[in-house]
Amino acid sequence: MLRYLYVITHEVTMRLFSIPPPTLLAGFLAVLIGYASSAAIIWQAAIVAGATTAQISGWMTALGLAMGVSTLALTLWYRVPVLTAWSTPGAALLVTGLQGLTLNETIGVFIVTNALIVLCGITGLFARLMRIIPHSLAAAMLAGILLRFGLQAFASLDGQFTLCGSMLLVWLATRAVAPRYAVIAAMIIGVVIVIAQGDVVTTDVVFKPVLPTYISPDFSFAHSLSVALPLFLVTMSSQNAPGIAAMKAAGYSAPVSPLIVFTGLLALVFSPFGVYSVGIAAITAAICQSPEAHPDKDQRWLAAAVAGIFYLLAGLFGSAITGMMTALPVSWIQMLAGLALLSTIGGSLYQALHNERERDAAVVAFLVTASGLTLVGIGSAFWGLIAGGVCYVVLNLIADRNR
């Protein structure tokens, strides 16, 4: 088991870092939840594009390697928990947007999208936009993003009361005596119950490394406008913006433009192998940025580093991802995700609402984000920031005039 991590520091010296079990679990959960919540959407998009089973497995391998390399590189360099991820809203867009495109044209779309992301990072436009977002609105948006995970956890009691109720009770009991191990205890009791009930299905799990396949691109101006540009906008607004905001809400800072350029360049290099985007994670990153990952805020980067290693392992066995996802009940994953994110949801709500002057704007940002609203193909996280920002400006102008 991974218990220690050797790291080369900026002074080019080797240091040994101890990894506590909760930190190890946080990194594992971040990857598990990320794959479990959206890998099926990526498979669906790949099928629409006309990819074969072997090619789809190669896509999953390339995505895992790209996310692993970027997470490890950025986390170890900046010593903050920088977790990267594919764009789930982007994958959902591709399911419909790739209709009628050939596989080669699909790869062309990926290349154009990632080139636009790199350009956006180089110009510094995205960093300037992120600097003007109030902290309360960033926290409100993050709480809105994570709310559905908390709701799903308790909604799962309806169909799997024994499993989810036991996980909840064990989490509560452990939380009272050993808070750092509460999620671990819930996970273990959940696995025991699932095995006892015979709900584990492992017939489709095949641990066999698959090499990504290079696919030559075909470029089309029409497809760049109709698919690549929307994918770029969705990735930046629904993936990178919430990701940077989540870091800000958790109290971490890293230069925005280098993060965007690095992830964009890496995705650009891997584009011919099926990588449509690599962005800054928000939902799964919250697990690595929470107190449950490590009580010391300055040591939580270890959880993200662990996640990077698990990303690499997931990439090496891309063909087994779908089988592993279906091996355990969805309710187990939902309850585990909800419990793991509970403190982050609470902390985000506190940060969003504790400033009375900004409270109304934060509530608007939270509700719009939580609503799941989608306009012109752009997700609710973006619109939550916009709505909250408009309220913030208007209410502050009114308050200043009344002084």
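Note that the numbering used here gives residue 274 to position 271 of the sequence shown, counting from 1, and the numbers run on in steps of one. Built from N, CA and C at the ideal position, the CB exists for glycine as well.
For this session: For I45, I'd like the list of residues in its chain whose CB is within less than 6 angstroms of its CB, leaving aside the five on either flank, ordered along the chain.
Result: As a working note, residue 45 is residue 42 in the sequence shown. Closer than 6 angstroms at the Cβ level, and outside the excluded window around I45, lie A94.
For this session: Determine whether the Cβ of T105 lies closer than 7 angstroms to any Cβ atom of chain B.
Result: Any reference to chain B falls outside this structure, which holds one protein chain only.
Exercise. Quick one: what's got a C-beta closer than 6 angstroms to W174's C-beta in the same chain, skipping five residues either side?
Worked result: Residue 174 sits at position 171 when you count from the first residue of the sequence shown. The residues are A185, A189 and L342.
Exercise. DSSP three-state call for L97: helix, strand or coil?
Worked result: As a working mapping, residue 97 is identified with position 94 in the sequence shown. Three-state DSSP puts L97 in a helix.
For this session: Within the same chain, show all residues whose beta-carbon is closer than 7 angstroms to that of R404, passing over the 5 residues directly before and after it, in chain order.
Result: On the sequence shown, position 401 is the one that residue 404 refers to. Within the same chain, R404 has no close Cβ partners at all.
For this session: Return the chain-ordered list of same chain residues with a C-beta closer than 6 angstroms to the C-beta of G392, the five sequence neighbours on each side being excluded.
Result: Counting from one through the sequence shown, the residue named residue 392 turns up at place 389. Within the same chain, G392 has no close Cβ partners at all.
For this session: Compare the C-alpha of L104 against each of L339, V51, L27 and G127 and name the closest.
Result: Taking the first residue of the sequence shown as position 1, residue 104 is located at position 101. The option with the nearest alpha carbon to L104 is V51.
Problem set entry | Alpha-carbon spacing of T126 relative to I120, whole angstroms | Walking along the sequence shown from the start, residue 126 turns up at place 123. Walking along the sequence shown from the start, residue 120 turns up at place 117. About 10 angstroms.
Problem set entry | Bounding residues of the alpha helix (DSSP H) (the contiguous stretch that carries F222) | As a working mapping, residue 222 is identified with position 219 in the sequence shown. No alpha helix (DSSP H) contains F222, which DSSP labels as neither H nor E.
For this session: Out of L352, R406, G61 and A54, state which residue places its alpha-carbon closest to the alpha-carbon of T372.
Result: Counted from its first residue, the sequence shown places residue 372 at position 369. Checking every option, the nearest Cα to that of T372 belongs to L352.
Exercise. Terminal residues of the continuous alpha helix (DSSP H) containing T177?
Worked result: On the sequence shown, position 174 is the one that residue 177 refers to. Where T177 is concerned, the enclosing alpha helix (DSSP H) stretches over F164 to V180.
For this session: Identify which residue in N117, A143 and L66 has its Cα closest to the Cα of S383.
Result: Here the question's residue 383 lines up with position 380 in the sequence shown. Comparing Cα positions, the closest option is A143.
For this session: Tell me, please, which residues DSSP counts as bridged to T87.
Result: Within the sequence shown, residue 87 is the residue found at index 84, counting from 1. Answer is I283.
For this session: Might you give, ordered along the chain, the residues of its own chain that have their beta carbon closer than 7 angstroms to the beta carbon of C394, omitting 5 neighbours on each side?
Result: Here residue 394 corresponds to residue number 391 of the sequence shown, with the count starting at 1. So the qualifying residues of the chain are D363, A364 and V367.
For this session: Provide the residue span of the alpha helix (DSSP H) that contains V195, from first to last.
Result: The sequence position of residue 195 within the sequence shown is 192, counting from 1. Taken as a continuous stretch (DSSP letters only), the alpha helix (DSSP H) holding V195 covers A185 to Q200.
Problem set entry | Where S334 sits in the DSSP three-state scheme | Your numbering for residue 334 matches position 331 in the sequence shown. Helix, per DSSP.
Exercise. Nearest-angstrom Cα distance between A340 and T74?
Worked result: Within the sequence shown, numbered from 1, the residue matching residue 340 stands at position 337. Within the sequence shown, numbered from 1, the residue matching residue 74 stands at position 71. Approximately 20 angstroms, taken between the alpha carbons.
Exercise. Taking just the CA atoms, how far does I198 sit from A244?
Worked result: Locating residue 244 in the sequence shown gives position 241, where the first residue counts as 1. Locating residue 198 in the sequence shown gives position 195, where the first residue counts as 1. Distance between the alpha carbons of A244 and I198 is about 40 angstroms.
Problem set entry | With 16 other Cβ atoms within 10 Å as the buried cut-off, status of K211 | Taking the first residue of the sequence shown as position 1, residue 211 is located at position 208. By the 10 Å Cβ count, K211 comes out exposed.
Problem set entry | T347 to T177 span [Cα, whole Å] | Along the sequence shown, one-based indexing puts residue 347 at 344. Along the sequence shown, one-based indexing puts residue 177 at 174. Whole-angstrom Cα-Cα distance: 18 angstroms.
For this session: Evaluate the contact criterion for the region 284-294 versus the region 83-91: three or more CB pairs, one atom per stretch, below 8 angstroms.
Result: yes
For this session: Whole angstroms is fine: what's the gap from W386's alpha carbon to G201's?
Result: As a first step, residue 386 is located in the sequence shown; it is residue number 383 there, counting from the start. As a first step, residue 201 is located in the sequence shown; it is residue number 198 there, counting from the start. Taking the straight line joining both Cα atoms gives about 43 angstroms.
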